[in-house]
Amino acid sequence: MLDPDFLAAIGHSARLRALVLLEQEPATTRDVAARCELDADEAAEHLRLLANAYLIEPVPDGGAQPLWRTRVTGWAGLSDLLAATAAPSPTDGA
Numbered sequence: 000m001l002d003p004d005f006l007a008a009i010g011h012s013a014r015l016r017a018l019v020l021l022e023q024e025p026a027t028t029r030d031v032a033a034r035c036e037l038d039a040d041e042a043a044e045h046l047r048l049l050a051n052a053y054l055i056e057p058v059p060d061g062g063a064q065p066l067w068r069t070r071v072t073g074w075a076g077l078s079d080l081l082a083a084t085a086a087p088s089p090t091d092g093a
């Protein structure tokens, strides 16, 4: 059975984007905010939820601004799968 915290953590598009980003390379909260088009407080909250679900972790000796990284890989594939199976929007002409 999947953990409810895990499902909640990956259930938001901004958190899934952050996981894909952090899978590619470690990043600070500020980097995640900029690349995911979030303000710093939103990014910090999303990263807190991901960390609480044990999906990301700080990089040891990341410096004054901690760098975050994923604990496991495969998030880009999940993101692609979800995008491919999403219902078409009304503007898609379907």
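Numbering (numbering that gives the first Met the number 0), first residue to last: 0 to 93. For glycine and all other residues, C-beta sits at the position ideal for the given N, C-alpha and C.
Once the 5 residues before and after residue i are set aside, which same chain residues still bring their CB inside 6 Å of it?
i, result
"Leu48", "Ala8"
"Cys35", "Ala13, Arg16 and Ala17"
Would you call residue i buried or exposed, if buried means 16 or more other Cβ atoms sit within 10 Å of its Cβ?
i, result
"His11", "exposed"
"Ser21", "Looking at the sequence itself, residue 21 is Leu, so the reference to Ser does not match. Flag for Leu21 reads buried."
"Ala32", "buried"
"Leu37", "buried"
If you measure between the beta carbons of residue i and residue j, is that distance less than 7 Å?
i, j, result
"Arg16", "His45", "no"
"Leu6", "Trp74", "no"
"Leu66", "Pro25", "yes"
Looking only at its own chain, which residues have a Cβ that is under 8 Å from the Cβ of residue i, when we skip the five neighbours before and after it?
i, result
"Leu94", "As shown, the chain starts at 0 and ends at 93. That puts residue 94 outside it, with no answer to give."
"Arg29", "Ala39, Ala42 and Gln64"
Please report the straight-line C-alpha distance between residue i and residue j, rounded to a whole angstrom.
i, j, result
"Pro59", "Ala52", "19 Å"
"Gly76", "Gly62", "30 Å"
"Pro57", "Leu1", "24 Å"
"Gln23", "Ala50", "17 Å"
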